[in-house]
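A.B. asks:
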Amino acid sequence: MRNDLLNFVHDQLRKNSRQPYAVSPKAGHQTSAESWGTGRAVARIPRVRGGGTHRSGQGAFGNMCRGGHMYAPTKTWRRWHRRAWSDIQKVYQSKRFRAGKGKMRNRRRIQKRGPIVIFEKDDGLTRAFRNIPGITLLNVNHLNILKLAPGGHMGRFAIWTEGAFRSLDKLYGTWKTPSTKKADFSLPSTKMTNTDLNRLLTCRAIRSVLRPRRMRALRKGQKVKKNPLKNMQAMLKLNPFALGEHNMRVAKQKAALKRKQERLAAKHAPKKPKTEGEGKTEAKKAKAPKVKKSEAKDSKPQKA
């Protein structure tokens, strides 16, 4: 059973137990109000008459006004329940003249399809339904896809009698018993009864019964094609220097990785706090050394 179909049917049947509700038809209109018209620099919404109170002059009736009616007031004559007769009403409303020359060929009017009634024994049932437009009567032993899905569209409303529903097991059988009316017919069944595939694959009881994996047997003279980009032996047959190039490439990568790690370690290493004396001595060393006057005179170039 499909979950979406079950949910839809349950939702529709649950609506049959609802009780209609609505707001009062007089709500929001129990006041005397009239619009002031144009030319007064106020909105044209109806305003409460009178004076001497804050209520006079206030907007009324509108859904944007305090004490006004709501937008689209709820009514009690809504479609509360789900019945089969609504489909018949659609058939009545859809009756119209055909477009085209079919009107000249005794096919003047067309209408929608209504529900389909499926029965086992006709105990006056066809006479009871034949005056209702749009209804199709069908025997359960002669089901027709053209009637069940007109136009190739699934979802036609089907009404089953109790006898027709009980005869389905005899007609089509079940997953345990074959059909008694159709020869060599069985219901389509699923291949897996348990969809937990991971549990089945890892189950020891199942794996103990299975045969071991069969290795692929090679024919005489057949060669296995190997990818030289993934297989070094196949690459060496094509390029004898491939191994040396590979080793050099790996060595360069290791050296680059080592330099990167050393640089990061030096960058994130904790710095030692400097003392006051160390800071002064480093500042003195950073200054340029003074040159004596006598040395400066000696360094001047002599005249010829």
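Everything in the sequence shown is counted per the working numbering, starting at 249 for the first residue and increasing by one. C-beta: ideal position from N, C-alpha, C; glycine also.
Starting from residue 384 and walking both ways along the beta strand (DSSP E), at which residues does that stretch end?
C.D. replies: Counting along the chain, the beta strand (DSSP E) containing residue 384 begins and ends at 384-387.
A.B. asks: Quick one, which of 386, 339, 413 and 399 has its alpha-carbon nearest residue 380's?
C.D. replies: Minimum Cα distance to residue 380 is reached at 339.
A.B. asks: Can you tell which of 348, 471, 353 and 415 has the C-alpha that lies nearest to the C-alpha of residue 369?
C.D. replies: Answer by Cα proximity: 415.
A.B. asks: For residue 325, write down the residues that DSSP places opposite it in a beta bridge.
C.D. replies: Beta-bridge pairing links residue 325 to no other residue.
A.B. asks: At the level of alpha carbons, what is the spacing between residue 488 and residue 499?
C.D. replies: Approximately 19 Å, taken between the alpha carbons.
A.B. asks: If you draw a straight line from the C-alpha of residue 247 to the C-alpha of residue 318, how long is it?
C.D. replies: One cannot answer for residue 247 here, as it falls past the ends of the chain, which runs 249 to 552.
A.B. asks: Check for me: the alpha helix (DSSP H) holding residue 257 runs from which residue to which?
C.D. replies: Residues 251-262.
A.B. asks: For residue 407, count neighbouring Cβ atoms within 10 angstroms of its own Cβ and tell me buried if that reaches 16, exposed if not.
C.D. replies: When all chains shown are included, residue 407 counts as exposed.
A.B. asks: By DSSP's criteria, residue 357 is part of a beta bridge. Which residues make up the other side?
C.D. replies: DSSP output for residue 357 lists 345 as bridge partner(s).
A.B. asks: Which partner residues does residue 295 have in the DSSP bridge list?
C.D. replies: BP columns for residue 295 point to 282 and 307.
A.B. asks: Going by DSSP in three states, residue 377 sits in which element: helix, strand or coil?
C.D. replies: Helix at residue 377.
A.B. asks: Taking Cβ to Cβ, would you say residue 477 is nearer than 8 Å to residue 484?
C.D. replies: The answer is no: Cβ separation not under 8 Å.
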